[in-house]
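K.L.:
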Amino acid sequence: MDREETTRAFRDSARAFLAAASPMARLRALRGAQPGYERDVWEKMAQAGWTGLCVPESLDGLGLGLREMAAIVGEIGRHPLPEPLLGGAFLSAAALLNLPSVSGRDALLRDIAGGGAVIGLAWQEQPGQQHAGKPAVSAERASGEVLLHGEKRWAYPAGADAWLVNASMGATTVLCLVPAASPELAAATRERVDGSMSVNLSFNGVRIPAANVIAQGELADAAVARALENARLMQAAELLGIAHRTYDDTLAYLKTRTQFGKPIGANQALQHRMVDALLQIELARATLDQFLGEFGETGLDASDPATVQAHYGARCARVKARCCHAALHMSRLAIQFHGAIGYTDELDIGLYLKRALHLAAWLGGVRENRLLAEPLSLAQAEGDSADPDGAALPPAASGTDWNALPEADFRRMVRKFVQENYPGDLRNPPRRLHWPELRDWYMSLSRQGWIAPAWPREHGGMALEPDKLIAFMEEMEAYGVARAPDQGIINIGPVLIKYGTAEQRDYYLPRIVSGDHVWCQGYSEPNAGSDLASLRTEAVIDGDDFVVTGQKIWTTLAQDANHIFMLVRTDKTAKKQAGISFLLTELDRPGITVRPIVNIGGEEEFCEVFFDHVRVPRRNLVGEMNQGWTIAKALLDFERLFVGSPSQSLYALNQLRLLGEMKGAFGSLAQAGENDRAFVESYNEAALDVFDLQALFADYAAIVKHGGTLPPSVSLLKIWASETYSRLAMMCVEAAGEQGGDADPLNWQGAAISPANRLYNSSITTIYGGSNEIQRNILAKAVLGLPS
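If you use full-length UniProt numbering, the sequence shown corresponds to residues 1 to 788, in order.
1) Can you tell which of Glu38, Arg273, Pro712 and Ser58 has the C-alpha that lies nearest to the C-alpha of Glu83?
2) Give the C-beta separation of Leu693 and Ala721 to the nearest angstrom, bearing in mind that I take them to be a contact with Cβ-Cβ under 8 Å.
3) Give the DSSP-derived three-state secondary structure of Ser168 in the structure shown.
4) Enumerate, from N- to C-terminal direction, the unbroken alpha helix (DSSP H) stretches of 4 or more residues contained entirely within the segment 266-327.
5) Measure how close the beta-carbons of Val690 and Pro646 come, nearest whole angstrom, since I'm counting them as under 8 Å.
6) By the three-class DSSP mapping on this structure, what secondary structure does Val118 have?
7) Looking only at its own chain, which residues have a Cβ that is under 8 Å from the Cβ of Leu669, when we skip the five neighbours before and after it?
8) Pick helix, strand or coil for Glu773, following the three-state DSSP scheme.
9) Can you tell me which of the three DSSP states Lys44 falls into?
10) Whose C-beta lies closer than 6 Å to the C-beta of Leu779 among residues of the same chain, with five residues either side of it excluded?
11) How long is the line joining the alpha carbons of Trp154 and Cys54, rounded to whole angstroms?
12) By a C-beta neighbour count over all protein chains shown, 10 Å radius and 16 as the cutoff for buried, is Glu68 buried or exposed?
13) Where Asp571 and Asn626 are concerned, what is the direct C-alpha to C-alpha distance, given to the nearest angstrom?
14) Distance check for Glu474 and Val414, CA to CA, integer angstroms please.
15) Straight-line CA distance for Ser377 to Pro510?
16) Based on the DSSP output, what are the partners of Pro209 in its beta bridges?
17) How far does the beta strand (DSSP E) with Asp516 in it reach, from first residue to last?
18) Between Val783 and the rest of its own chain, which residues show a CB-CB distance below 6 Å, the 5 nearest in sequence each way excluded?
19) Since Ile119 contacts Leu164 with CB under 8 Å, what's their CB separation in whole angstroms?
20) Who are the Cβ neighbours of Ile492 in its own chain at under 7 Å, not counting the five residues just before and after it?
21) If you check the beta carbons only, do Gly460 and Val513 fall under 8 Å apart?
22) Just the Cα atoms here: how many angstroms apart are Ala188 and Ala751?
23) Could you give the residue range of the alpha helix (DSSP H) that holds Gly550?
24) When you compare each of Ala652, Thr765, Gly664 and Arg412 to Ser754 by their alpha carbons, which one comes out closest?
25) What are the residues that DSSP puts in a beta bridge with Ser649?
26) Tell me which residue opens and which closes the alpha helix (DSSP H) that Ala180 is part of.
27) Three Cβ pairs or more, each shorter than 8 Å: is that satisfied between the segment 726-735 and the segment 282-298?
28) Out of Cys607, Asp301, Ser763 and Ser682, which one is the CA nearest neighbour of Pro526?
29) Tell me Ile753's beta-bridge partners as DSSP assigns them.
30) Roughly how many angstroms separate the alpha carbons of Gly390 and Val418, rounded to a whole number?
31) Whose C-alpha, out of Ala686, Val643 and Leu696, is nearest the C-alpha of Asn772?
32) With DSSP as the reference, identify every bridge partner of Phe611, one or two as the case may be.
33) For the segment 75-99, which segments carrying the alpha helix (DSSP H) assignment without a break, of at least 4 residues, lie completely within its bounds, in sequence order?
34) Under three-state DSSP, which class holds Arg569?
35) Is Ala201 helix, strand or coil by DSSP?
36) Is DSSP giving Ala471 helix, strand or coil here?
Okay, here's the thing in structure tokens:
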């Protein structure tokens with residue numbers, strides 16, 4: 001059984017266990033009770049392997065990792081469990097697993113795994129504390145014993161048999177085992193909003209044997225720190241489970257609850273809010289999956305330098321921030337959509353909100369964890385200082401497996417190539433550049449074999465896996481590389497690879513790679529934008545040709561192209577979608593007129609294209625006659641995948657970073673003023689949005705990479721990407737201050753920054769590829785299954 005099957009098995013068994021051992025009525029009955037859970041159920045959990053899941057097999061555990069534990073905890077989120085799996089087993093085990101194997105430590109792990117002991121980690125002393133730091137609780141040696149003085153607050157769980165306590169012994173930190181029955185230890189319980197109990201512990205000269213000092217110094221500090229980081233990750237998994245369960249229950253309610261003679265789910269406003277809730281859940285899922293894909297097997301071990309150097313704790317915090325937002329957003333929305341009944345205790349929805357509130361308050365909520373994740377965004381702002389000459393560049397057409405390169409080497413290689421080949425005067429352009437300006441750069445990429453990073457090798461591509469593709473994009477955007485005329489690369493190329501004939505692929509694909517063919521897209525028409533099936537451009541068969549008559553509009557950079565792919569109506573008697581075909585043609589054919597349209601930024605980015613009895617060979621038909629709608633939908637999926645790529649948001653984030661550098665906001669934050677600190681927090685939140693966009697994009701890119709069909713939910717990606725880009729563009733305008741209203745670009749370190757133009761550009765992204773409002777309508781029907 002592989003790791004994925006094992007994870008699925010644990011998820012399925014957890015679902016069955018929870019349904020049988022802990023019905024919701026039991027949860028209600030135990031609210032406010034001391035200690036709030038039952039030992040016989042705890043023993044059943046131990047027998048199922050839950051309490052020792054991450055404990056090595058040599059110590060009577062299962063020897064598994066974060067991935068399997070997250071599967072179980074996610075099911076607990078869907079079906080709340082009173083027993084404190086995180087506080088009474090996982091947290092303490094996670095700390096102990098980062099200590100050397102000695103008899104005392106090993107005995108404790110055996111006790112935890114076997115369910116014979118509930119052991120909590122007592123570390124917090126002050127409200128709002130997110131790091132253990134230097135403890136105020138003191139420890140001093142006296143006659144072969146250790147005396148503890150001080151107080152710990154918000155310790156979990158109530159009813160623990162013993163506590164792992166960090167304390168200061170002189171200049172160093174120690175981690176001690178303190179039996180809960182110690183005479184000088186006072187424990188006061190505090191009820192949480194979800195009915196569970198935390199404990200305030202007062203150490204009034206508590207005496208423990210010196211042998212109960214399990215670790216000291218950096219070992220003790222690292223063990224507690226890693227335990228808290230992994231606890232945040234498990235909380236994220238539970239919060240995601242809460243979000244999923246409240247979403248499922250609310251969606252079912254919207255489909256069945258009727259008012260005014262129809263289901264309330266037919267209300268468009270409610271549909272759009274549910275689509276947005278699903279979007280937040282999918283972002284949270286993708287972010288958690290991305291983390292587990294990288295650290296699901298190694299994350300418990302802080303001795304691995306890779307997990308430490310990769311901002312491990314910040315990544316855990318990033319995941320919790322996203323999952324916490326999703327759970328709180330969805331559980332609150334669930335109460336709203338259930339109406340007055342949602343406000344009553346008899347409905348389970350309120351229990352999920354309370355649990356989400358408890359988890360948000362314990363180890364930090366959205367804001368606290370975004371702040372903990374700040375090292376990720378500041379690292380992005382600072383950039384990689386590695387020497388770009390450190391990676392040798394393989395020769396073009398060398399057959400190099402780019403995916404096999406370590407990511408750091410791959411990034412340095414891309415960075416070196418960009419620095420050596422991209423024209424410096426075209427960095428961070430304030431407008432969309434045209435083909436004559438970018439032709440040399442396009443050809444540089446083509447000669448290196450990098451012009452089509454996502455295409456298969458056999459067609460001249462790099463065949464990059466999603467993680468490498470994102471790294472490729474990031475390095476391009478960080479340097480300020482402009483978007484090339486790329487309709488051939490991102491749209492018609494993938495269409496021909498999937499639907500074209502061998503002859504069409506052999507003819508067109510090499511010419512796209514070489515830059516001989518520059519393409520534009522002929523989809524939209526007057527009165528047929530988002531309602532694309534209403535197009536009226538007609539193609540009538542005449543011998544070996546089609547005769548095309550009609551008009552296309554909003555055709556991006558058509559004035560630079562020499563080819564166009566388009567949808568044409570070939571059967572006016574069929575249903576709208578059934579009579580459409582997909583056709584290719586050169587733009588220099590007689591009867592074609594291209595007229596640029598000036599946009600609000602004064603740029604000629606879009607065009608009208610007129611067809612006056614244009615003859616196009618029938619061999620230029622892609623796919624079958626009158627079957628173009630199938631190809632059109634596939635191409636729209638490719639387009640939504642592309643529009644949903646992180647590239648534009650990364651570009652805008654880079655612009656925002658430059659503006660922050662210009663303001664001096666990324667200097668010594670300890671000395672920064674409130675305005676600078678506010679900028680850094682806003683930048684951090686935006687950067688985390690982009691990182692989570694990358695995680696969601698990687699999911700859909702992987703589907704295409706492995707030959708799958710993109711599901712309708714790809715529109716979620718398009719919505720988040722375009723709206724994130726729009727938010728970032730507005731942030732750039734605000735960050736530029738007075739200069740944000742200047743028509744001329746401002747310059748910083750050789751980069752021309754034009755915030756207003758960036759804002760103009762972002763506005764159209766929420767429209768093309770199907771407006772975001774239309775996408776929400778489609779998602780409500782095709783994915784949520786809500787009624788019309």
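Backbone N, C-alpha and C define an ideal beta-carbon position, used for all residues, glycine too.
P.N.:
Per the coordinate set shown:
1) It is Glu38.
2) Rounded to whole angstroms, the Cβ separation of Leu693 and Ala721 is 6 Å, and the two are in contact under 8 Å.
3) Ser168 sits in a strand when the DSSP states are folded into three classes.
4) Taking 4 residues as the minimum length, the alpha helix (DSSP H) runs contained wholly in the segment 266-327 are 268-295 and 305-309, in order along the chain.
5) Contact check for Val690 and Pro646: beta-carbon distance about 6 Å, within the 8 Å limit, so the pair qualifies.
6) Coil.
7) With a pLDDT of only 46 at Leu669, under the threshold of 50, the placement of this residue in the model should not be trusted; the figure read from the coordinates follows. Result list for Leu669: Asp676, Arg677 and Val680, in chain order.
8) In the three-state reduction of the DSSP assignment, Glu773 falls in the helix class.
9) Lys44: helix per DSSP, three-state reduction.
10) Non-local beta-carbon contacts of Leu779 in its own chain, meaning distances under 6 Å to residues more than five positions away in sequence, involve Val275 and Ser715 in chain order.
11) Cα-Cα distance, rounded: 24 Å.
12) By the 10 Å Cβ count, Glu68 comes out buried.
13) CA-CA distance, Asp571 to Asn626, rounds to 7 Å.
14) Distance between the alpha carbons of Val414 and Glu474 is about 10 Å.
15) Whole-angstrom Cα-Cα distance: 39 Å.
16) Answer is Glu145.
17) Segment: none, Asp516 is in no beta strand (DSSP E) and carries neither H nor E.
18) Exclusion of the five residues before and after Val783 leaves Pro712 and Ser713 as the residues of its chain whose Cβ lies within less than 6 Å of its Cβ.
19) The distance from the Cβ of Ile119 to that of Leu164 is about 6 Å, consistent with a contact at the 8 Å cut-off.
20) If we look at Ile492 and ignore the five residues flanking it on each side, its Cβ neighbours are Trp519 and Phe565.
21) Cβ distance < 8 Å, so Gly460 and Val513 count as in contact.
22) Cα-Cα distance, rounded: 60 Å.
23) Following the DSSP letters along the chain, one finds Gly550 in no alpha helix (DSSP H) but inside the beta strand (DSSP E) bounded by residues Asp545 to Thr556.
24) Taking the Cα of Ser754 as reference, the smallest distance to any Cα among Ala652, Thr765, Gly664 and Arg412 is reached at Ala652.
25) Partner(s): none; Ser649 has no beta bridge.
26) That residue, Ala180, is in no alpha helix (DSSP H); it is neither H nor E in DSSP.
27) In short, these stretches do not touch, since the Cβ pair count stays below three.
28) It is Cys607 whose Cα lies nearest to the Cα of Pro526.
29) According to DSSP, which records beta bridges pairwise, Ile753 is partnered with Leu746.
30) Annotation note: pLDDT 48 at Gly390 (below 50); position unreliable, coordinate value reported separately. Cα to Cα, the separation comes out at about 14 Å.
31) Checking every option, the nearest Cα to that of Asn772 belongs to Val643.
32) Beta-bridge analysis with DSSP links Phe611 to Gly550 and Ile592.
33) Counting whole runs of 4 or more residues, the segment 75-99 contains the alpha helix (DSSP H) stretches 91-96.
34) If DSSP states are grouped into helix, strand and coil, Arg569 belongs with the strands.
35) Rather than Ala, the amino acid found at residue 201 in this sequence is Leu. It is a strand residue.
36) DSSP, read as helix, strand or coil, puts Ala471 in helix.
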